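A.B. asks: Following the numbering used here, the numbering of the sequence shown begins with 2 at its first residue and continues without gaps.
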Amino acid sequence: MNRILLKMFHALPSPARNTVATLRGLHLRRWRYGADSDRLTAEALERDSWSPAQWRAWQQDRLARMLHHAATQVPYYRAQWESRRRCGDRASWELLENWPILSKEPLRENPRAFVADGEDPRRLFHEHTSGTTGKSLDLWRRRDSLQAWYALCEARMRRWYGVSRNDRWGIFGGQLVTPRRQTQPPFWVWNAALRQLYMSSYHLSPEMAQSYLRAIRRYQLTYLVGYSSSLYALACAAKTSGTKLDLKVIVTNAEPLLPWQRAEIEAAFECPVRETYGLAEYVAAASECEHGTLHVWPEAGYIEISGGEIVGTGLLNPEMPLIRFATGDRGSLIENSVCPCGRDLPVLAAIEGRIDDLLHTPDGRTVGRLDPVFKTALPVVEAQIIQERISVLRVRYVPAAGFDERAARSIRERIRDRMGPVEIILEPVERIERGANGKFRAVICRIPAEERQRAALSR
Ligand SMILES: [Zn+2]
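1) If you reduce the DSSP assignment to three classes, tell me which class ARG447 lands in.
2) Pick out whichever of PRO207, TYR220 and GLN221 has its Cα sitting closest to the Cα of LEU232.
3) Please state the DSSP three-state secondary structure of ALA384.
4) Does the beta-carbon distance from VAL430 to VAL381 come in below 8 Å?
5) Within the continuous beta strand (DSSP E) that includes GLU428, where are the two ends?
6) Thinking just about the alpha-carbon of each residue, which of ARG397, TYR77 and CYS446 is nearest to the one in ARG390?
7) Report the three-state DSSP secondary structure of ASP62 (helix, strand or coil).
8) Tell me the start and end of each unbroken beta strand (DSSP E) in the region 195-267 that is at least 3 residues and wholly inside, in chain order.
9) By how many angstroms is the C-alpha of PRO14 removed from the C-alpha of ARG331?
10) Taking only heavy atoms of ligand 1 into account, decide whether any of them is closer than 7 Å to the Cβ of ARG48.
11) At a threshold of 7 Å, does HIS129 count as lining ligand 1 (C-beta to nearest heavy atom)?
12) Buried or exposed for THR362, please, with buried defined as at least 16 other CB atoms from any protein chain shown within 10 angstroms of its CB.
13) Report the CB separation of GLU282 from ARG142 in whole angstroms; it is logged as a contact under 8 Å.
14) Do you know offhand how far GLY171's Cα is from ASN254's?
15) In angstroms, rounded to a whole number, what distance separates the CA positions of ARG397 and GLY89?
16) How is ARG432 classed by DSSP in three states: helix, strand or coil?
17) For ligand 3, list every residue whose C-beta falls under 6 Å from any of its heavy atoms, going in chain order.
18) DSSP beta-bridge partners for LEU334?
19) Quick test of your reading: CYS290 and CYS342, contact by CB under 8 Å. State the CB separation rounded to the nearest angstrom.
20) What is the DSSP secondary structure of ARG397, counted as helix, strand or coil?
21) Kindly indicate which residue of PHE375, THR328, SER38 and LEU235 has the alpha-carbon position closest to the one of GLU310.
22) What is the residue span of the beta strand (DSSP E) that HIS296 lies within?
23) With distances taken from CA atoms, which of SER104, ARG79, ALA156 and PRO107 is nearest ALA117?
24) Using DSSP with H/G/I as helix, E/B as strand and the rest coil, what is PHE404?
25) For the alpha helix (DSSP H) containing SER50, list its first residue and its last residue.
26) Check whether the region 66-76 touches the region 38-45, taking contact to mean three or more Cβ pairs, one atom from each stretch, closer than 8 Å.
27) Just to confirm the assignment, what range does the beta strand (DSSP E) spanning GLU1 have?
28) Is it right to say THR179 is buried, meaning 16 or more other beta carbons lie within 10 angstroms of its own, or is it exposed?
29) For the alpha helix (DSSP H) that contains TYR278, what are its first and last residues?
30) If you draw a straight line from the C-alpha of ASP357 to the C-alpha of ARG91, how long is it?
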């Protein structure tokens with residue numbers, strides 16, 4: 002949503018916000034689900050019992066077709082192979098290892114070059130995402146690709162855990178569903194079309210957390226999905242007040258689930274906590290089974306590990322295929338793993354990357370991710386947010402053409418919407434250095450330890 006629309010949305014009374022959220026939900030539901038959805042979900046669950054040999058054969062077939070399609074029907078790849086041919090390179094595009102690793106830059110610079118011949122972006126579902134690294138991306142999806150993806154989500158993020166999209170559920174995400182300056186509940190909107198209570202992760206202070214717990218009970222939610230850090234904060238509040246909720250499962254996404262977070266959430270809500278991993282780029286996905294094993298979804302993408310980084314090739318979406326896309330997430334595959342759940346899906350060891358530092362607000366909240374700040378188109382190539390002090394944030398950014406005072410103001414406003422009245426230093430740079438592990442860090446917290454303690458005590 003752009004800033005003007007968001008302001009109009011925030012100005013509405015709460016019931017009207019629910020109506021707007023529901024209308025948006027109807028639109029999303031029409032794209033994500035259709036007459037085939039139940040059948041696709043059932044088929045995904047049937048494939049859970051496939052043998053490793055079946056999966057290999059299936060993936061090799063899909064992969065070969067996708068590589069040929071990309072090399073011949075997708076402008077970016079076609080140009081790349083033509084130029085290699087002109088230089089006398091005879092390597093076959095049928096072998097994945099002959100393809101270069103794709104970084105985010107070419108995708109960001111010219112996303113339409115990745116849209117296959119014959120597809121009209123105006124007729125596709127457009128997604129603008131900051132991805133996992135703070136760099137924004139434009140992605141386009143055909144309806145059948147979206148429905149295939151959401152059928153996998155239904156099977157492996159819900160049915161495995163005994164819930165479905167027809168249950169009432171809650172989510173903590175990066176959307177600013179209530180204005181940051183709002184100090185009284187509701188900090189959520191009810192999206193009736195998706196049966197979803199969308200809760201702001203930005204208002205979840207220790208003082209306000211009890212109102213969230215009451216809302217979860219009042220809306221009779223069956224399960225929760227969201228950032229590990231938000232669910233952890235909620236668990237701490239439930240423990241403090243001794244609140245019991247009747248939840249079947251808690252599903253984490255977008256942030257790695259740390260062992261101490263899992264323990265605290267499980268203890269507070271007395272239900273299983275399951276970690277999931279998925280990318281808006283549709284090149285890799287995985288979810289935990291009841292034995293705590295992180296099973297890969299082979300239909301979504303073909304995963305390789307390159308220098309410790311997860312590299313994925315999308316298998317679902319011929320309209321915008323990404324081949325050997327470097328995710329920026331660190332992980333490793335476990336070969337020949339046998340899981341007691343009986344599923345022979347490949348297994349990922351813990352997701353090691355994306356452990357962005359948490360930011361601390363002057364009023365005692367923690368903010369897990371600030372990358373939605375860059376979600377709506379801004380003339381910024383990439384950006385990193387460094388918290389120097391509780392009340393001082395430095396934004397290091399690589400400006401793109403057209404960066405002006407308005408863009409600078411927009412960054413300041415969006416951060417203050419989430420963090421409150423903090424000082425923001427904007428620092429244009431040529432490049433953002435990578436960390437020791439080669440990983441880009443979207444957020445770095447450098448608050449001196451004493452100051453962090455003082456902030457905790459002053460609550
Ligand atoms: Zn398993």
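Glycine included, each C-beta is placed from N, C-alpha and C at the ideal position. Please read all numbers here as calculations on a predicted model, not as lab measurements.
C.D. replies: According to the data block:
1) Numbered from 1 along the sequence shown, position 446 holds the residue referred to as residue 447. Per DSSP, reduced to three states, the secondary structure at ARG447 is coil, with no helix or strand assignment.
2) By 1-based counting over the sequence shown, the position of residue 232 is 231. Taking only the C-alpha atoms, the option nearest LEU232 is PRO207.
3) In the sequence shown, counting from the first residue as 1, residue 384 sits at position 383. Three-state result, ALA384: strand.
4) Your numbering for residue 430 matches position 429 in the sequence shown. Your numbering for residue 381 matches position 380 in the sequence shown. Taking 8 Å as the Cβ cut-off, VAL430 and VAL381 do not qualify as a contacting pair.
5) Working through the sequence shown from its first residue, we reach residue 428 at position 427. Start and end: 424-429.
6) Translated into the one-based positions of the sequence shown, residue 390 becomes position 389. Ranked by how close their Cα comes to the Cα of ARG390, the residues ARG397, TYR77 and CYS446 have CYS446 in first place.
7) The residue you call residue 62 lines up with position 61 of the sequence shown. The three-state reading of DSSP puts ASP62 in helix, counting H, G and I together.
8) Correct list: 197-201, 224-228 and 250-254.
9) As a first step, residue 331 is located in the sequence shown; it is residue number 330 there, counting from the start. As a first step, residue 14 is located in the sequence shown; it is residue number 13 there, counting from the start. Going by the C-alpha atoms only, they are around 43 Å apart.
10) On the sequence shown, position 47 is the one that residue 48 refers to. The answer is no for ARG48.
11) For the purposes of this step, residue 129 is identified with residue 128 of the sequence shown, where counting begins at 1. Remark: the shortest separation between the CB of HIS129 and any heavy atom of ligand 1 does not fall under 7 Å.
12) Taking the sequence shown and counting its residues from 1, one reaches residue 362 at position 361. Residue burial annotation: THR362 is buried, with at least 16 other C-beta atoms found within 10 angstroms of its C-beta.
13) On the sequence shown, residue 282 is found 281 positions in, with the first residue counted as 1. On the sequence shown, residue 142 is found 141 positions in, with the first residue counted as 1. The Cβ separation is near 11 Å, so there is no contact.
14) For the purposes of this step, residue 171 is identified with residue 170 of the sequence shown, where counting begins at 1. For the purposes of this step, residue 254 is identified with residue 253 of the sequence shown, where counting begins at 1. Approximately 13 Å between the Cα atoms of the pair.
15) Taking the first residue of the sequence shown as position 1, residue 397 is located at position 396. Taking the first residue of the sequence shown as position 1, residue 89 is located at position 88. Their backbone Cα atoms lie some 42 Å apart in a straight line.
16) Residue 432 sits at position 431 when you count from the first residue of the sequence shown. Of the three classes helix, strand and coil, the one that applies to ARG432 here is coil, per DSSP.
17) This structure lacks ligand 3; its bound ligands are ligand 1.
18) For the purposes of this step, residue 334 is identified with residue 333 of the sequence shown, where counting begins at 1. As a beta-bridge residue in DSSP terms, LEU334 pairs with LEU349.
19) Taking the first residue of the sequence shown as 1, we reach residue 290 at position 289. Taking the first residue of the sequence shown as 1, we reach residue 342 at position 341. That pair is a contact at about 4 Å.
20) Here residue 397 is taken as the residue at index 396 of the sequence shown, counted from 1. ARG397: strand per DSSP, three-state reduction.
21) In the sequence shown, counting from the first residue as 1, residue 310 sits at position 309. Measuring C-alpha to C-alpha distances from GLU310 to each of PHE375, THR328, SER38 and LEU235 identifies THR328 as the nearest.
22) Reading the sequence shown from its first residue, position 295 is the one you call residue 296. Looking at the DSSP string, the run of the beta strand (DSSP E) that includes HIS296 is 295-297.
23) Stepping through the sequence shown from its first residue, residue 117 is reached at position 116. Answer by Cα proximity: ARG79.
24) Position 403 of the sequence shown holds residue 404. In the three-state scheme derived from DSSP, where H, G and I count as helix and E and B as strand, PHE404 is classed as coil.
25) Here residue 50 corresponds to residue number 49 of the sequence shown, with the count starting at 1. No alpha helix (DSSP H) contains SER50, which DSSP labels as neither H nor E.
26) Too few Cβ pairs lie closer than 8 Å, so no.
27) Residue numbering for the chain in the displayed model covers 2 to 460; residue 1 lies beyond these limits and cannot be assessed.
28) If you number the sequence shown from 1, residue 179 lands on position 178. The residue is buried, with at least 16 neighbouring Cβ atoms inside 10 Å.
29) Counting from one through the sequence shown, the residue named residue 278 turns up at place 277. Looking at the DSSP string, TYR278 is not in any alpha helix (DSSP H); the run it does join, the beta strand (DSSP E), is 274-279.
30) If you number the sequence shown from 1, residue 357 lands on position 356. If you number the sequence shown from 1, residue 91 lands on position 90. Any reading at ASP357 is ruled out, since the residue's pLDDT is 47, under 50, leaving its predicted position unreliable.
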